[in-house]
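Novice: Using full-length UniProt numbering, you'd call the opening residue of the sequence shown number 1 and step up by one each time.
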Amino acid sequence: MVIRICRENGIKVKQKKVHYRDIINADEIFKTSSIAGIVPVKKIDRFVVAGKVPGNITSKLMKLYGDKVEYSKLDSISL
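Structure, rendered in structure tokens:
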């Protein structure tokens, strides 16, 4: 769902195996799951994310994901 949301909103997506050097060079990091949604990551082991947490892209995705999930909930209500 997150990849679809990105593509629908012009956010570039690149799927690849992530290496430690990718993490230490990242401006933003987030974790996603169906239960928690999109959660910003502040720290991995001893590495602290350099940018603000949540970053601009993560904040945007959190809003877009929340809107999509809320819409999905409303769409499935029986009256």
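For every residue, glycine included, the Cβ atom is placed at its ideal position computed from N, Cα and C.
All figures in this text were calculated on a predicted structure; none of them were measured in a lab.
#1: When you compare each of Pro40, Val41, Leu61 and Lys68 to glycine 10 by their alpha carbons, which one comes out closest?
#2: Quick check: what's the CA-CA separation for leucine 64 versus valine 18?
#3: For a test of the three-state rule: what should DSSP assign to lysine 68, helix, strand or coil?
#4: Of the residues Ile24, Tyr20, Cys6 and Gln15, which one's Cα is nearest the Cα of valine 48?
#5: Taking the alpha helix (DSSP H) that isoleucine 24 belongs to, which residues open and close that run?
Specialist: With the structure as the only source:
#1: Taking only the C-alpha atoms, the option nearest glycine 10 is Leu61.
#2: If you take the alpha carbons of leucine 64 and valine 18, they lie about 24 Å apart.
#3: Here lysine 68 carries a helix assignment [DSSP, helix/strand/coil].
#4: Comparing Cα-Cα distances from valine 48 to each of Ile24, Tyr20, Cys6 and Gln15, the minimum goes to Ile24.
#5: Per DSSP, isoleucine 24 belongs to the alpha helix (DSSP H) from 20-24.
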